[in-house]
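Down below is the structure, laid out as structure tokens.
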Amino acid sequence: MKAIIIATTKDRSRWAKQCYDSLKSYKRYPVIILDQYEYELGKIRWVFENTDLDEFLFLQDSVKIKDTYWIDEVFDHKGSVSLASRPFFMYLGKYTREALTQSGIPHVETKKDAVRYEHEWTNNYAQTSPYKTMFDLSDTNVFKKHFSRDNMIIENDHLIKYKHIWSEDMIYEY
């Protein structure tokens, strides 16, 4: 089984709706909104432990899809797919059950851990099996207030990512 996962929390309904609405034209696989107060790896772990999905495209609610044609290419690829130019930058990508079984999923307790694992764990995950990089997506120097929050805008022809924390000195514990 395959699905698209939108990771969100209860206090972010506007973000989740914007992401979900941007996927309305996509009909091949179901879109699941995972509303859980965990960092990204906690949500990935939940999908791994509580579903029978063999593959899932993981998107944070702060992603807005501009067009959906590339999603079929993501799911048609055998194996993992990173949506960014670095391995699974910002955790964005298609994960497979097989690779998650091989890599393991660490428990994340703090935002600092989540940011650290964004580089450490995703690089280790990418080494478990060959992966495809979908397109270039990297940090920019474009900033915009969106839903009353300051964001770095990361954008290409296919999606927009509203990134709230773009430097280590911005990390605070919830």
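Oh and the sequence shown: position 158 is 157 in numbering that gives the first Met the number 0, straight run, nothing missing. Built from N, CA and C at the ideal position, the CB exists for glycine as well. Keep in mind the model is a prediction, meaning the values are calculated, not measured.
For the alpha helix (DSSP H) containing residue i, name the first residue and the last one.
i	result
R204	In the structure as shown, the chain begins at 0 and stops at 173. Residue 204 is therefore absent and cannot be evaluated.
R96	96–102
Answer with buried or exposed for residue i, where buried requires no fewer than 16 other C-beta atoms within 10 angstroms of its C-beta.
i	result
Y173	Unreliable positioning characterises Y173 in this predicted model, as indicated by a pLDDT of 41, which lies under 50. A coordinate reading is not provided.
L141	Here residue 141 turns out to be Val, not Leu, going by the sequence shown. Classification of V141: exposed, given that the 10 Å Cβ count is below 16.
N150	buried
M174	Because the chain here runs from 0 to 173, residue 174 falls outside it and cannot be looked at.
The ligand PLP and residue i: does any heavy atom of the ligand fall closer than 7 Å to the residue's C-beta?
i	result
F55	As for the ligand PLP, it is missing from this structure, which has no ligand bound.
Can you tell me which of the three DSSP states residue i falls into?
i	result
A132	The question names Ala, yet the displayed sequence has Thr at residue 132. Of the three classes helix, strand and coil, the one that applies to T132 here is strand, per DSSP.
M0	coil
M37	The question names Met, but residue 37 is Glu in the sequence shown. Three-state DSSP puts E37 in coil, outside helix and strand.
V73	helix
Y173	Unreliable placement is indicated for Y173, whose pLDDT of 41 sits below 50; the coordinate value is still reported in the next sentence. Correct three-state label for Y173: coil.
I need the boundaries of the beta strand (DSSP E) containing residue i, first residue and last residue.
i	result
S79	79–81
D149	148–154
Comparing C-alpha positions only, which one of the options sits nearest to residue i?
i	options	result
E154	S137, I70, F146	S137
S147	I3, M133, W14	W14
T67	C18, D112, Y36	C18
Look at residue i and residue j and say whether their C-beta atoms are less than 8 Å apart.
i	j	result
F74	Y28	yes
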